[in-house]
Amino acid sequence: MIDTTSLSADWLAKKRNKYGKDPNIMESMIHALYLLEQLKLTGLDFIFKGGTSLVLLMEQPKRFSVDIDIIVNPQITRRELEVYLLKIVETSAFVRMELDEKRSYKNGIPKAHYKFIFNSNFQNRNKEGNVISNPEREILLDIIFAYNHYSKLVDRPIQTEWLIQKDEPLIVITPDINSITGDKLTAFAPNTTGVPYGAEKEKEIIKQLFDVGCLFDLLTDLEILKKSFFESAKGEIEYRPERKINSVEQVLMDTINTAILIAKKDVLNNDEDKIKLSEINTGINQFGHFVFVGKFGILEAQVASSKAAYLAAIILSNYQGNLQKFSSAIPLTDYMITKTEYNFLNKRLKFVAQGEALFYWFQTIKLLSPEIN
Numbered sequence: 022m023i024d025t026t027s028l029s030a031d032w033l034a035k036k037r038n039k040y041g042k043d044p045n046i047m048e049s050m051i052h053a054l055y056l057l058e059q060l061k062l063t064g065l066d067f068i069f070k071g072g073t074s075l076v077l078l079m080e081q082p083k084r085f086s087v088d089i090d091i092i093v094n095p096q097i098t099r100r101e102l103e104v105y106l107l108k109i110v111e112t113s114a115f116v117r118m119e120l121d122e123k124r125s126y127k128n129g130i131p132k133a134h135y136k137f138i139f140n141s142n143f144q145n146r147n148k149e150g151n152v153i154s155n156p157e158r159e160i161l162l163d164i165i166f167a168y169n170h171y172s173k174l175v176d177r178p179i180q181t182e183w184l185i186q187k188d189e190p191l192i193v194i195t196p197d198i199n200s201i202t203g204d205k206l207t208a209f210a211p212n213t214t215g216v217p218y219g220a221e222k223e224k225e226i227i228k229q230l231f232d233v234g235c236l237f238d239l240l241t242d243l244e245i246l247k248k249s250f251f252e253s254a255k256g257e258i259e260y261r262p263e264r265k266i267n268s269v270e271q272v273l274m275d276t277i278n279t280a281i282l283i284a285k286k287d288v289l290n291n292d293e294d295k296i297k298l299s300e301i302n303t304g305i306n307q308f309g310h311f312v313f314v315g316k317f318g319i320l321e322a323q324v325a326s327s328k329a330a331y332l333a334a335i336i337l338s339n340y341q342g343n344l345q346k347f348s349s350a351i352p353l354t355d356y357m358i359t360k361t362e363y364n365f366l367n368k369r370l371k372f373v374a375q376g377e378a379l380f381y382w383f384q385t386i387k388l389l390s391p392e393i394n
């Protein structure tokens, strides 16, 4: 279990000294994991998913995540659910719970959003300029009411370098790496099922891209990835009729076209694409504070988006082979693109990460246009 010393200013100071990052973000992620443990202690049956689940799934997570996403049985009522949630306020460091009325229990996606409030260790100022010693901050709990659609679930301990443990860590159920990648790929399709353009959610678009890029390197089963993607995409299409998405294939092409936009970077022909790229650049700038291992700029985004495009092409073409992985030992001449429509990528990407982005675009185009390669 989590030792509450993990919530202290002293512990956060140690982590700040190690990573040099915003202690407010660190504090929020630790409280999110603390909320996860408190949920488990209530006895609620749930599947833990989303960005924060990667902190437990990945041996070396690379970014902060500050909210909790879960799936619960669609048969549970609001009253039954809130019996569990109120236990958290009664027994933990959270001082109260608030329902986001505008976004919860509405038509469309069966979901609810609850805020769990805690007192921060870091002072700030209110609108009047007065110093508040222990201001209130919140952790968002996002709940989807649905049956499990994942092909493979795994048990993961609530255990990470960000937490001090006492006794054995509690265990939660999460989708495996391959399944969660399918979810994340669905979310990186901003014109269809993903976090959309034009909604002041630029940072959220980039979070999905970053996660896909990291998860790509850990994939072990493409069939599970495919199944997870199809189930997730079909659900999003059903829940979002206002987006007028015609097919899962449209979603996959959205991911590929968005990746092309990032590959082009600043050589764009129309104003609409320029606006979209501007949002992507804004998201990259906003997202930088959340990365605690390495960095994530436009060049890293070009690599991550090439991986996303490759995965989309694998699903679109129902590729049955092994996932091809880049190596700097592979000669550049082995993956130069010959298809006229895409050969501009050779010039744009051959020096990005020693050719890694171009390598994955070569694999993508080979799947999309097998007659060329």
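Numbering-wise (this note's numbering), the sequence shown opens with residue 22 and increments by one. Note that the Cβ used here is the ideal one computed from N, Cα and C, for glycine as well.
Next on the checklist: With H, G and I counted as helix, E and B as strand and the rest as coil, what does DSSP make of R84?
Outcome noted: strand
Checklist entry - Should the region 338-350 be regarded as contacting the region 254-264, the criterion being three or more beta carbon pairs within less than 8 Å? => result no
Checklist entry - Can L60 and I179 be called in contact, C-beta distance under 8 Å? => result no
Item to check | Cut-off 6 Å between Cβ atoms - residues of its own chain near N142, not counting five sequence neighbours on either side | outcome: A30
Checklist entry - Using CA coordinates, which residue listed in A284, L120, I198, A254 is at the minimum distance from L273? => result A254
Item to check | Cβ separation of Q229 and K205, assumed to be a contact under 8 Å, to the nearest whole Å | outcome: 6 Å
Item to check | Close-in-space but distant-in-sequence residues of the same chain around A34 (CB under 8 Å, 5 per side omitted) | outcome: P44
Checklist entry - What do you get for Y126, buried or exposed, if any count of 16 or more other CB atoms within 10 angstroms of its CB means buried? => result exposed
Checklist entry - According to the neighbour-count rule (16 or more other Cβ atoms, all chains shown, within 10 Å of its Cβ), is R84 buried or exposed? => result buried
Checklist entry - Would you report the Cα separation of A280 and V116, rounded to the nearest angstrom? => result 43 Å
Checklist entry - From Q384 to I46, what distance separates their C-alpha atoms? => result 37 Å
Next on the checklist: Quick check on P44: does DSSP put it in helix, strand or coil?
Outcome noted: helix
Checklist entry - From Y340 to I301, what does the alpha carbon distance come to, in whole angstroms? => result 29 Å
Next on the checklist: Cutting at 6 Å between CB atoms, please list the residues of its own chain near R124, excluding the five before and the five after it.
Outcome noted: H134
Item to check | Candidates F166, F231, G64, of which the one nearest Q307 by Cα | outcome: F231
Next on the checklist: Only counting the same chain, and skipping five residues up and downstream in sequence, which positions put a Cβ closer than 7 Å to that of I335?
Outcome noted: L243, L388
Checklist entry - What does DSSP give as the partner residues of H134 in its beta bridges? => result D163
Item to check | Same chain, Cβ closer than 7 Å to I194, neighbours up to 5 away in sequence not counted | outcome: I68, F69, L174, D176
Item to check | Range covered by the beta strand (DSSP E) that runs through E119 | outcome: 117-120
Item to check | Delimiting residues of the alpha helix (DSSP H) encompassing K205 | outcome: 198-208
Next on the checklist: By the three-class DSSP mapping on this structure, what secondary structure does R37 have?
Outcome noted: helix
Checklist entry - According to DSSP, which residues form a beta bridge with F69? => result I91
Item to check | Inter-residue spacing [alpha-carbon to alpha-carbon] between K371 and Y260 | outcome: 40 Å
Checklist entry - Within the 8 Å Cβ cut-off, does Y356 reach chain C? => result Going by chain labels, chain C is absent from the structure shown, which holds only one protein chain.
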